[in-house]
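In the UniProt record's numbering, the protein residues as written are 220 to 482. Worksheet: one structure, shown below.
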Ligand code: S5P
């Protein structure tokens, strides 16, 4: 039987970006390809649930701008949880403006995302200037190599237009900016190059939809059929009565699927 994907340690040694090397290290050590999307409007609740699911995840994805009780002190607590449980922070800001604007959105304002989030993502609608702008913001904070960008190549929602030529243009832009772009938000594998990781949202233990266009695939489908690398799970864990046990279930499902792929 031929191995379909490289193992995490193989990818870690073959990729160049420091953030990606750290991520593969965490995935190997904690045996997890689970990214938890902590989509709550309460920072207090976010900290509480992350304390529980921290041991099972490699990344915590946030939507910092939906939080009503934002404070720098809470960011400090979140960073401490990330160190304690060894996971990366990914602010799902979906930047989508010209370079000069996103540069400020990334580093300034209330949230100062570049100061705490290891990973961010962006739409490619504005062209490569968006990548340059974000990269220069990280550079000006002395964070070159410590911050990384994912490009949104495909989406999970019904009727989205990130398909075909758009997705191809996204892959080209990623390949031309490997010093900052480390992968994709996508629905299936777009590249076999270990310098690019694939993260897939729209994941639940049972396939289905929500009432606002979200479409769900299972961890097994995402990892073994679509050859993606990371499962992103929000409400599947957040709305469960026991987030820790549920996160462990997703971790196991995602990791078993990976083992099947690389054995
Ligand atoms: O195509 C996408 C891209 C993203 S980043 N579809 C998505 O659902 N997302 C995000 O993933 C979305 O903003 C949300 O934070 C998470 C999915 O949450 P769930 O509750 O549906 O699992």
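Glycine included, each C-beta is placed from N, C-alpha and C at the ideal position.
Contact check, residue i vs residue j, beta carbons under 7 Å
i: residue 348; j: residue 318; result: yes
i: residue 291; j: residue 326; result: no
i: residue 252; j: residue 449; result: yes
i: residue 311; j: residue 238; result: no
i: residue 274; j: residue 295; result: no
i: residue 286; j: residue 306; result: no
i: residue 407; j: residue 454; result: no
i: residue 255; j: residue 225; result: no
i: residue 459; j: residue 465; result: yes
i: residue 350; j: residue 396; result: yes
i: residue 438; j: residue 476; result: yes
i: residue 233; j: residue 244; result: no
i: residue 321; j: residue 353; result: yes
i: residue 474; j: residue 250; result: yes
Buried versus exposed call for residue i [16 or more other C-beta atoms within 10 Å across all chains shown]
i: residue 398; result: exposed
i: residue 483; result: Because the chain is modelled from 220 through 482, residue 483 falls outside the range shown and cannot be assessed.
i: residue 175; result: No information on residue 175 is available, as it lies outside the stretch 220 to 482 that the chain covers here.
i: residue 431; result: exposed
i: residue 343; result: buried
i: residue 364; result: exposed
i: residue 218; result: Residue 218 is absent from the structure shown; the chain starts at 220 and stops at 482.
i: residue 481; result: exposed
i: residue 228; result: exposed
i: residue 263; result: exposed
i: residue 478; result: exposed
i: residue 302; result: exposed
i: residue 428; result: exposed
i: residue 377; result: exposed
Residue(s) in a DSSP beta bridge with residue i
i: residue 367; result: 338
i: residue 452; result: 255
i: residue 318; result: Per DSSP, none; premise fails for residue 318.
i: residue 418; result: 404 and 449
i: residue 308; result: 279
i: residue 434; result: 428
Any non-hydrogen atom of the ligand S5P within 6 Å of residue i CB
i: residue 433; result: yes
i: residue 392; result: no
i: residue 460; result: no
i: residue 438; result: no
i: residue 454; result: yes
i: residue 278; result: no
i: residue 258; result: yes
i: residue 383; result: no
i: residue 246; result: no
i: residue 350; result: no
i: residue 448; result: no
i: residue 338; result: no
i: residue 407; result: no
i: residue 285; result: no
i: residue 343; result: no
i: residue 404; result: yes
Beta carbon proximity, residue i to chain C, threshold 7 Å
i: residue 321; result: Included in the structure is just one protein chain, with no chain C present.
Inter-stretch contact at 8 Å, needing at least 3 Cβ pairs: the stretch 388 to 403 / the stretch 366 to 378: yes
Stretch pair the stretch 229 to 238 + the stretch 262 to 270: three plus CB contacts closer than 8 Å: no
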